[in-house]
Amino acid sequence: MEKLLNYIDGELQEPVSGNFIENINPATGEAYALIPDSDENDVNLAVEAANKASESWSTTTVQERSEWMLKIAEIIDANADTLALVETNDTGKPINLSKTVDIPRAAANMRFFATAILHTTDNAHITNQQAINYTKRHPLGVVGCISPWNLPLYLFTWKIAPALATGNTVIAKPSELTPATAFLFSKICKEVGLPKGVLNIVHGYGDKAGAAIVSHEDVNAISFTGGTATGSKIASVCAPSFKKVSLELGGKNPFVVFDDCNLENTVETAVRASFSNQGQICLCGSRILVHESCYESFKNAFLAKTKELKIGDPLVPFIDVGAVISNNHSEKILSYIDLAIKEGGKILTGGNKTQVEGRCTKGNFITPTIIENLSANCRVNQEEIFGPVVSLMKFKDEKEAITLANDSKYGLAASVWTNDINKANRVSSAIKCGIVWVNCWMLRDLRTPFGGMKQSGLGREGGEEALRFFTEPQNICIQTGS
Ligand code: NDP
0 MEKLLNYIDG
10 ELQEPVSGNF
20 IENINPATGE
30 AYALIPDSDE
40 NDVNLAVEAA
50 NKASESWSTT
60 TVQERSEWML
70 KIAEIIDANA
80 DTLALVETND
90 TGKPINLSKT
100 VDIPRAAANM
110 RFFATAILHT
120 TDNAHITNQQ
130 AINYTKRHPL
140 GVVGCISPWN
150 LPLYLFTWKI
160 APALATGNTV
170 IAKPSELTPA
180 TAFLFSKICK
190 EVGLPKGVLN
200 IVHGYGDKAG
210 AAIVSHEDVN
220 AISFTGGTAT
230 GSKIASVCAP
240 SFKKVSLELG
250 GKNPFVVFDD
260 CNLENTVETA
270 VRASFSNQGQ
280 ICLCGSRILV
290 HESCYESFKN
300 AFLAKTKELK
310 IGDPLVPFID
320 VGAVISNNHS
330 EKILSYIDLA
340 IKEGGKILTG
350 GNKTQVEGRC
360 TKGNFITPTI
370 IENLSANCRV
380 NQEEIFGPVV
390 SLMKFKDEKE
400 AITLANDSKY
410 GLAASVWTND
420 INKANRVSSA
430 IKCGIVWVNC
440 WMLRDLRTPF
450 GGMKQSGLGR
460 EGGEEALRFF
470 TEPQNICIQT
480 GS
């Protein structure tokens, strides 16, 4: 079996302990690689290397850093098919999704931040006739970037690109469930000759390798994407030393359908927003709120389109729904479906595990599931399931739509469907979440602030926000008058 290795101080190396973890392909249920079961000894080596590299990397010019990152983006593009195949084998997601979303976005992340740093401006304030104040932004030094399994290379690069671009050196940890594209990424960094220690990738479990990164006293900031419970743990470790943290956490996103929407477009996007990547995208709409006057027509069309989705071997082109990430996760999703029935829900379609023939008989495939009849405050409508399961609810007017949309401890994303621009504006600004899409979903512009309100996170990623997070502003005041 292939052994994946840590990338520390520019070298691919085994973990100090010599221990490895099996890496499972979720579509086949079979182990196909081994990954380092790293611990604090590996993290210590990585931090030492990152510290050593920090002085020279932080003083390279933006042009130099930009060139390194653009070279990496080029190699991602040149190897896009291989990376997509590896991503699909690691996650169970349809190959089409890996090819059109995950890998192109990873290259785009590198390019976006590589070029963003060429165009930033620093602030200056003229203080009467007396002084010039200017703001200098310094890199933080060594930073930690921890990412989840649902969009592996996409979210991994979304963090490390701004961190490297702003002159930090990085210790990064992908999820132990999806380490393979991060490993290929380390090979790409070696191939381009990225200076040793600038990026270090430590594989392993979150509560061991991840926790060692978070608690290391020489790691000055943590950029984390993952579950809300993990985010809370990380925040509590960082708080006593005032370590900077950026937390991108869970969601329970409302998808709000008014009766003056374009029903056909709405239904088509609702299916995508519900079941893309088997519903395992933090931005997926999982609470579908529909005006009572179009509830039946929406429901029937949504149901019909959902039933057309093709579930199967994710390597087969044009499969819409692949495998969910793991046995454990599959059990969790199914337990929420059982709970929905206990809570009085009616399963309109799906609701079960299904077997895919051929090489995938042992994979974890769950049929896209639509539930109705649940109360807004039941657990299924309040807790993040993170699978192909959505709940339909009716509302009678705009006020109730907003109340239902906000009836959640989360506040990540929402999607609002109406042809009335004034209503779109009113409703969007009344929904307490970080991103509202109107008549669209997951249309991303990397310059915009990305992140959640309430328990969906702390801070924002994307564009200027990310460049700010990874730097410390310093005010320098020079007296000019006597
Ligand atoms: P987890 O919180 O379980 O894990 C995320 C990452 O943190 C993994 O690399 C994990 O390692 C690591 N980790 C776990 N425990 C610790 C710890 N104590 N200290 C440091 N690191 C730790 O999330 P999932 O991977 O299950 O991802 C799914 C979640 O991510 C969902 O809640 C989803 O909503 C959220 N998410 C949020 C996004 C956003 O932008 N807001 C985007 C995508 C997902 P390991 O896996 O190896 O245990």
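Numbering (numbering that gives the first Met the number 0), first residue to last: 0 to 481. All C-beta atoms, glycine included, are put in the ideal place defined by N, C-alpha and C. Predicted model, so just to flag it, every value in this text is computed and none were measured.
Coarse secondary structure for residue i, derived from DSSP in three states
i      : result
Glu175 : coil
Leu117 : coil
Tyr133 : strand
Glu356 : coil
Lys251 : coil
Trp436 : strand
His507 : In the structure as shown, the chain begins at 0 and stops at 481. Residue 507 is therefore absent and cannot be evaluated.
Val144 : With the sequence shown as reference, residue 144 is identified as Cys, and Val is not the correct amino acid for it. Residue state, collapsed to three classes: strand.
Leu183 : helix
Ser427 : helix
Phe469 : coil
Ser407 : coil
Ser334 : helix
Lys189 : helix
Glu371 : strand
Thr90  : helix
Ala322 : coil
Ser240 : helix
Candidates the options: closest to residue i by CA position
i      : options                          : result
Thr268 : Pro239, Thr305 and Ile336        : Thr305
Gly17  : Asp38, Asn24, Val61 and Asn363   : Asp38
Gly226 : Glu382, Cys476 and Ile125        : Glu382
Gly311 : Glu342, Gly357 and Ile200        : Gly357
Ala375 : Gly362, Met392 and Phe385        : Met392
Asp36  : Glu330, Thr168 and Lys172        : Lys172
Leu403 : Lys98, Gly350, Tyr335 and Ser285 : Ser285
Asn488 : Asn438, Val213, Leu11 and Asn252 : Nothing about residue 488 can be read from this structure; the chain reaches only from 0 to 481.
Glu216 : Gly480, Lys92, Val201 and Pro239 : Pro239
Gln478 : Asn372, Ile336, Glu73 and Ile131 : Ile131
Ala83  : Glu73, Ile74, Ile94 and Ala77    : Ile94
Residue i vs residue j beta-carbon contact at 9 Å
i      : j      : result
Glu47  : Asp8   : yes
Thr177 : Asp89  : yes
Gly230 : Tyr409 : no
Ser245 : Leu457 : yes
Val191 : Ile116 : no
Arg104 : Leu163 : no
Ser390 : Ala465 : no
Ala483 : Val388 : Coverage of the chain is limited to positions 0 through 481, which leaves residue 483 absent and any answer about it impossible.
Lys331 : Gly386 : yes
Gly451 : Glu175 : no
Leu302 : Leu347 : yes
Limits of the unbroken beta strand (DSSP E) element including residue i
i      : result
Met392 : Val388 to Phe394
Pro35  : Glu29 to Pro35
Leu198 : Leu198 to Ile200
Leu347 : Lys345 to Thr348
Arg286 : Gly284 to His290
Ile310 : Careful: Ile310 lies outside any beta strand (DSSP E) and carries neither H nor E.
Ala26  : From DSSP, Ala26 is part of no beta strand (DSSP E); its letter is neither H nor E.
Ser414 : Ala412 to Trp416
Ala123 : Ala123 to Thr126
Heavy atom of ligand 1 within 8 Å of residue i beta-carbon
i      : result
Val213 : yes
Gly225 : yes
Lys243 : no
Asn5   : no
Thr90  : no
Gly192 : no
Ala228 : yes
Ala210 : yes
Trp148 : yes
Glu383 : yes
Ser158 : As written in the sequence, residue 158 is Lys, which differs from the Ser given in the question. Outside the cutoff, so no.
Met456 : The amino acid at residue 456 is misidentified as Met; the sequence shows Gly. Yes, Cβ of Gly456 sits closer than 8 Å to a heavy atom of ligand 1.
Ser97  : no
Pro253 : no
Phe19  : no
Glu175 : yes
Phe449 : yes
Tyr335 : no
Leu338 : no
Asp206 : yes
Residue interval of the alpha helix (DSSP H) (run including residue i)
i      : result
Trp67  : Val61 to Ala77
Leu262 : Leu262 to Phe274
Gly230 : Thr227 to Cys237
Glu54  : Glu39 to Ser57
Val379 : Arg378 to Gln381
Tyr153 : Pro151 to Ala164
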